[in-house]
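There are 2 protein chains.
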Amino acid sequence: MATQTAAQRREQARRDYDAFLRGCPTNQLLDRISDKWVSLVVSALAAGPMRYSDLGRKIAGVSPKMLTQTLRSLERDGILSRTVTPSVPVRVDYELTPLGHSLALLLTAVKDWAETHIEQVHQARERYDGDN
Amino acid sequence: MATQTAAQRREQARRDYDAFLRGCPTNQLLDRISDKWVSLVVSALAAGPMRYSDLGRKIAGVSPKMLTQTLRSLERDGILSRTVTPSVPVRVDYELTPLGHSLALLLTAVKDWAETHIEQVHQARERYDGDN
DNA sequence: CGGAATCCTCCTTGATACTG
DNA sequence: CAGTATCAAGGAGGATTCCG
Numbered sequence: 001m002a003t004q005t006a007a008q009r010r011e012q013a014r015r016d017y018d019a020f021l022r023g024c025p026t027n028q029l030l031d032r033i034s035d036k037w038v039s040l041v042v043s044a045l046a047a048g049p050m051r052y053s054d055l056g057r058k059i060a061g062v063s064p065k066m067l068t069q070t071l072r073s074l075e076r077d078g079i080l081s082r083t084v085t086p087s088v089p090v091r092v093d094y095e096l097t098p099l100g101h102s103l104a105l106l107l108t109a110v111k112d113w114a115e116t117h118i119e120q121v122h123q124a125r126e127r128y129d130g131d132n
Numbered sequence: 001m002a003t004q005t006a007a008q009r010r011e012q013a014r015r016d017y018d019a020f021l022r023g024c025p026t027n028q029l030l031d032r033i034s035d036k037w038v039s040l041v042v043s044a045l046a047a048g049p050m051r052y053s054d055l056g057r058k059i060a061g062v063s064p065k066m067l068t069q070t071l072r073s074l075e076r077d078g079i080l081s082r083t084v085t086p087s088v089p090v091r092v093d094y095e096l097t098p099l100g101h102s103l104a105l106l107l108t109a110v111k112d113w114a115e116t117h118i119e120q121v122h123q124a125r126e127r128y129d130g131d132n
């Protein structure tokens with residue numbers, strides 16, 4: 001059995017690390033909230049329940065596929081609840097769970113940091129782009 | 001002229017919305033911190049300055065390309081500073097700026113939320129996957 | 001109305017190899 | 001040591017179409 005090559009060792013390390021990252025709560029959460037549409041859906045629902053098509057209209061530019069996909073994954077994670085009213089036509093309401101409201105609070109903290117510091121970031125970028 | 005199709009209207013809306021999102025501080029921040037390697041680099045540097053290859057070793061599994069790309073973008077945003085010591089061989093140190101340390105604090109808040117609530121998320125998933 | 005299934009196209013990621 | 005250049009692949013996201 002030959003010694004591992006450097007490439008094989010790197011690949012092994014990468015695999016281990018990927019496994020670690022998948023198990024890391026922080027990265028799981030970051031993956032979730034950084035999804036393009038998640039923060040928009042959560043903040044839209046923070047104000048109160050909404051129907052599928054209301055969300056689609058409020059979050060202009062989202063395709064039905066991505067909206068459904070986003071809502072499903074958030075439902076699966078217990079962030080929001082989905083209620084079907086079997087009228088004709090069908091009516092489906094989405095609403096934040098307590099866990100979802102808690103997440104909305106965290107997103108508010110993120111938003112506050114962003115709004116407080118974004119100007120510093122922009123200034124840093126101008127400096128960086130100007131100098132280089 | 002012809003009526004726009006639904007897709008065309010949505011594309012226009014999507015374009016407008018993309019522009020809005022690019023200008024939205026919260027989404028800019030989420031884009032930044034959700035990058036696979038950013039949180040790892042920031043938390044690694046939160047403990048103190050490190051050299052390029054130290055980071056590469058500490059964050060196992062990152063390729064030189066991604067490490068450089070991550071470091072450059074964080075430097076551009078004023079999150080960390082890059083110091084070259086022109087010795088032989090060259091020595092390059094990376095260190096968080098005050099802004100970077102502030103960001104590290106936010107990441108700590110995210111981490112705390114994640115560790116506090118991840119169990120609820122996992123339970124919700126099991127319930128969802130079990131029921132379905 | 002509220003989706004599901006399919007196809008297709010970028011864009012990011014990462015491997016590999018080379019340089020000052 | 002600290003990167004850069006190039007290339008290939010996979011997956012995320014969008015368009016389109018159809019169903020209950």
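If you read the protein sequences in the order shown, they are chains A and B.
If you use full-length UniProt numbering, the first sequence corresponds to residues 1 to 132, in order.
If you use full-length UniProt numbering, the second sequence corresponds to residues 1 to 132, in order.
Just so it is clear, CB atoms sit at the ideal spot from N, CA and C, and this is done for glycine as well.
For L45 of chain B, the closest C-alpha among the options B:S81, B:Q8, B:H122 is that of B:S81. Interface criterion not met: the Cβ of K65 of chain B is under 9 Å from no Cβ in chain A. Using a Cβ-Cβ cut-off of 9 Å, Y52 of chain A does not count as an interface residue toward chain B, since no Cβ of chain B sits closer than that to its own. Counted as a single uninterrupted DSSP element, the stretch harbouring S63 of chain A is not any beta strand (DSSP E), since DSSP gives it neither H nor E. Distance between E95 of chain B and R57 of chain B, taken at the CA atoms: about 16 Å.
Here R22 of chain A is exposed. Its C-beta has fewer than 16 other C-beta atoms within 10 Å. For S43 of chain B, the secondary structure class from DSSP, reduced to helix, strand or coil, is helix. Near chain A, meaning a CB-to-CB distance below 8 Å, the residues of the region 103 to 123 of chain B are L103, L106, L107, A109, V110, K111, W113, A114, E115, H117, I118, Q120, V121, Q123. For L71 of chain B, same chain residues with a beta-carbon under 8 Å away, outside a window of 5 residues either side, are V41, Y52, L55, L80, R82, Y94 in chain order. With a threshold of 16 other beta carbon atoms within 10 Å, L105 of chain B falls short and is exposed. Excluding residues up to 5 positions away in sequence, nothing lies with its Cβ nearer than 7 Å to the Cβ of W113 of chain B in the same chain. Taking C-beta atoms under 8 Å as the contact rule, V38 of chain B and L67 of chain B fail to qualify, at a distance of about 11 Å.
Of the residues B:P25, B:N27, B:G48, B:Q123, the one whose Cα lies closest to the Cα of R76 of chain A is B:Q123.
CA-to-CA, the gap between T97 of chain A and Q120 of chain B works out to about 11 Å. The C-alpha of S63 of chain B lies about 14 Å from the C-alpha of D35 of chain B. Its Cα nearest to that of S43 of chain B, the residue B:A109 stands out among B:Y128, B:A109, B:R127. Between the C-alpha atoms of S87 of chain B and M50 of chain B there is a straight-line separation of about 17 Å. Between V42 of chain A and chain B, the shortest Cβ-Cβ separation is not below 9 Å. Exposure of T85 of chain A is indicated by the presence of fewer than 16 other C-beta atoms within 10 angstroms of its C-beta. Within the UniProt domain "HTH hxlR-type" (24 to 122) of chain B, the runs of beta strand (DSSP E) at least 3 residues long that lie entirely inside it are, in chain order, 80 to 85, 91 to 96.
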